[in-house]
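Undergrad: First the structure, then my questions, so here it is.
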Amino acid sequence: MGTSETAPSSTGRIDRLPASAQRFAPSADFTANAVAHADLYAKAEANREGFWADQARELHWHKPFTEVLDWSTPPFARWFADGELNVAYNCLDRHVLAGNGDRAALLWEGEPGDERRITYAELTDEVKRLANVLEGLGIGHGDRVVIYLPMIPEAISAMLAVARVGAIHSVVFGGFAADSLRARIDDAAAKLVITADGGYRKGKVSPLKPAVDQALSDSGSGAQTSVEHVLVVRRGGNDVGWVEGRDLWWHDTITQASPEHRAQPFPAENPLFILYTSGTTGKPKGILHTSGGYLTQVAFTNRAVHDLHPDTDVYWCTADIGWITGHSYVAYGPLANGATQVLYEGTPDTPHPGRWWEIVEKYRVSVLYTAPTAIRSFMKLGRAIPNRFDLSSLRVLGSVGEPINPEAWIWYHEVIGDTKAPIVDTWWQTETGAVMISPLPGVTETKPGSAQVPLPGISIDVVDQSGAPVGNGNGGLLVITAPWPSMLRGIWGDPQRFVETYWEKFRAQGYYFAGDGARFDEDGDLWLLGRVDDVMNVSGHRLSTAEIESALVAHEATAEAAVVGASDETTGQAVAAFVILKQSYLAEHSAEGLAQQLRLWVGEQIGPIARPRDVYIVSELPKTRSGKIMRRLLRDVAEGREVGDTTTLADASVMTVIAANVR
Ligand code: WTA
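Taking the UniProt record's numbering, I'd label the letters of the sequence shown as residues 1 to 663.
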């Protein structure tokens, strides 16, 4: 098919109207939203805490709460603090007790095409056994467990079993390398690592256990590891090394464990997980989430934003459990709601580029939640591929992780949603725990490219540097102006960094600073404008410029390095590195050879997602008189633009030299 996907769509809508003026009314024939209706906004506005208390009561509380919000020592919030619950019980046992044990919880599809249908009763059984295994290994209340697994059902069981015994999980994305894994294990002082021999990616087994072995070998840091045991799922069938006494096979231990396990209640503020995310320094931040408030908001938003009807929908969120979207909208949200969901192990293009659409057709997926990067790469391949499959089951489409450009929005709406399915563009962060800004399907009107409005119970604004609202039509900084149930409770082991990063900037007003730029349009709808700090967003993954710079300078050939996020048609942003090499190296190696070596080096140090798209070998970096690198100018170069104002540079001729190096 010869249709060019980047040209305006066949209906000519993009031509006819500027995207900001184009609106989609909530469709009249939309089945009633699972929980939301237009009055919800006003209701929540009138009584925010009462609204969230109502949502919290949808969960099972072993001991009901009487307090809602304690904000007496900001920014340390406590929600439902005198209540007690068990997160895993809410995601499993209560559905079985309600008679839904036979409902499928997971419709798992392995990359090679193997499949498993796991009911709520089966998942509950597995998690109870694993909880017994964990307790047998001495894991209990407050202990940290690192989970480093592919997208297999055991990943979900592992998270829930850790939660069930009141311990804290830290899921590390399987694409991270041994060094990143070790840093996270050490920071949390984890006692147990749950991993697999390997998992399927791009048609072959990608090993995981060797990275764990490498991370735990004491060579790097010289220090003794906190890890006592490694529990290994057999998935890839690849050969693995084995440390007797430390390593255990999942299948051996779990079949021997008792299927009886009583879920104990824990206080609402009991920590549930730590999830590391990139900040503006080289050291990732361990974002801490707790139980009651987190589960309340993820369950509510999953029902309202995705319009999830647990008894009829087949839901599929394509995120990996290594990211917050996988925590909130694969593990906790859908299971707390008793939904049926698809879980897919592999990559979208294996063994063919229609794999996702084949899965939608096969399982009759009705709610799909994915990222703009994926949509843009499908768009590039052309509509002929999805058109080969029956996508008529889809009725709600979601987007998350980065701004979705109007063109991709329209394509998603027309080609995937057959112009019927509303699109929810959801803005949130690892730190916010759950969706904060999004239309509600069937309730709010939608507008391609705009994340629209804060959810009921959420209060945001766009302000200038002094904290004053900028008003409609103007750009500024996005802030959250009141506490919300699923807010982060801190940075693991670093309360000061928590205060400084998010709360210091607008301390007088008590606002949370999100790090994003935003603008209200003339209708008061919100547009996200990207990060305003040194955090990059590559394919919806957060990467820190500082972290990649420190990996680059750790290479013996590098004298100095600066990294910027350059805009990229498919991945949103791409990593562009400017590197000054040591003279001795330049004499002996070609610049191209070293640039390639450095790309691979970053991949080995941090993980393939951090590998720079471009490494430019330069002889100078643009610096101000005080020595600060002017990234704005490097971004101009990386994006092929005319270089902007250079008057504050210590040496204005530097940019001419760099531009000449790069071209
Ligand atoms: C960006 C992912 C525009 C934003 C859930 C935020 C978005 C960062 C959107 C958080 C969206 C996320 N529109 N930008 N709908 N959703 N972002 O922690 O810059 O991986 O600060 O959480 O992604 O990324 P994180």
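Beta carbons: idealized from backbone N, C-alpha and C, even for Gly.
1) Quick one: using the 10 Å Cβ neighbour count with 16 as the cut-off for buried, is K204 buried or exposed?
2) With a CB to CB cut of under 7 Å and the five nearest residues on each side skipped, what residues in its chain are close to A595?
3) Sorry if obvious, but does the Cβ on A331 come closer than 7 Å to a heavy atom of the ligand WTA?
4) Looking at C-alpha atoms only, which residue of T124, I410, E560, G457 is the closest neighbour of I480?
5) Alpha helix (DSSP H) containing R631: first to last residue?
6) Decide yes or no for the touch test of the segment 119-129 against the segment 91-104: beta carbon pairs closer than 8 Å, at least 3 of them.
7) Got a sec? Which residues, its chain only, sit under 8 Å from P351 by beta carbon, not counting five neighbours each side?
8) Please determine, among G113, A98, M151, the residue with the shortest C-alpha to C-alpha distance to C317.
9) Who's in the neighbourhood of the ligand WTA, going by beta-carbon under 7 Å from any heavy atom, listed in chain order?
10) Skipping 5 residues on each side, what residues in its chain have a beta carbon closer than 7 Å to that of H251?
11) Does the distance from the CB of A336 to the CB of A299 come in under 8 Å?
12) Whose C-alpha, out of L634, A38, E115, S544, is nearest the C-alpha of A566?
13) For a test of the three-state rule: what should DSSP assign to A25, helix, strand or coil?
14) Let me make sure I understand the geometry here. Which of I404, F513, L391, A167 has the alpha-carbon closest to that of I274?
15) Can you list, in chain order, the stretches of the beta strand (DSSP E) that have 3 or more residues and sit fully within the segment 101-185?
16) Taking 8 Å as the threshold, find out whether the segment 572-580 comes into contact with the segment 531-550 through three or more Cβ pairs.
17) For the alpha helix (DSSP H) holding P372, just list the boundary residues, first then last.
18) What separation, rounded to the nearest whole angstrom, lies between the Cα atoms of D179 and A215?
19) Determine the extent of the alpha helix (DSSP H) in which A562 is found, giving its start and end residues.
20) Indicate whether P284 and Y276 have their beta-carbon atoms separated by less than 8 Å.
21) Please determine if the segment 47-63 and the segment 83-97 are in contact, where contact requires at least 3 C-beta pairs separated by less than 8 Å.
22) Mapping DSSP to helix, strand and coil, what is F273?
23) Let's see if you can read the secondary structure: which residues bound the alpha helix (DSSP H) around I437?
24) Is L231 near L192, with beta carbons less than 8 Å apart?
25) May I ask which residues mark the beginning and end of the alpha helix (DSSP H) holding R48?
26) To the nearest angstrom, how far is it from the Cα of residue 664 to the Cα of G110?
27) Give the secondary structure of A659 by DSSP, where H, G and I count as helix, E and B as strand, and everything else as coil.
28) So what does DSSP say about P454, is it helix, strand or coil?
29) Check for me: the beta strand (DSSP E) holding A577 runs from which residue to which?
30) Can you give me the C-alpha to C-alpha distance between V462 and G603, rounded to a whole angstrom?
31) Between which two residues does the beta strand (DSSP E) harbouring A515 extend?
32) How would you write the range of the alpha helix (DSSP H) that I548 sits in, first residue to last?
33) With a CB to CB cut of under 7 Å and the five nearest residues on each side skipped, what residues in its chain are close to S444?
34) So is A21 buried or exposed if we call it buried at 16+ other beta carbons inside 10 Å?
35) Ends of the alpha helix (DSSP H) at V400?
36) Am I right that A158 and S170 are in contact with their C-beta atoms under 8 Å? What's the rounded C-beta distance?
TA: To lay it out plainly:
1) exposed
2) V615, I617
3) no
4) G457
5) 631-638
6) yes
7) G203
8) M151
9) T277, W323, I324, T325, S399, V400, G401, E402, P403, I404, D425, T426, W427, W428, Q429, T430, E431, A451, A514, G515, D516, L528, G530, R531, N537, G540, H541, R542
10) R234
11) yes
12) L634
13) coil
14) A167
15) 104-109, 115-119, 144-148, 168-171
16) yes
17) 372-381
18) 6 Å
19) It is not in any alpha helix (DSSP H) - A562 instead sits in the beta strand (DSSP E) that spans 558-568.
20) yes
21) yes
22) strand
23) No alpha helix (DSSP H) holds I437; DSSP gives it neither H nor E.
24) yes
25) 48-56
26) Residue numbering for the chain in the displayed model covers 1 to 663; residue 664 lies beyond these limits and cannot be assessed.
27) helix
28) strand
29) 572-581
30) 37 Å
31) Residue 515 is actually Gly in this sequence, not Ala. From DSSP, the beta strand (DSSP E) with G515 extends over 512-520.
32) 545-553
33) In the sequence as displayed, the identity of residue 444 is Thr instead of Ser. P26, Q452, V453.
34) Any answer about A21 is weak, because its pLDDT of 45 lies below 50 and its placement is not dependable; what the coordinates show is given next. The residue in question, A21, is exposed, as its Cβ has fewer than 16 Cβ neighbours within 10 Å.
35) V400 -> not in any alpha helix (DSSP H); beta strand (DSSP E) instead, spanning 396-400.
36) Actually they are not in contact, since the Cβ atoms of A158 and S170 sit about 11 Å apart, beyond 8 Å.
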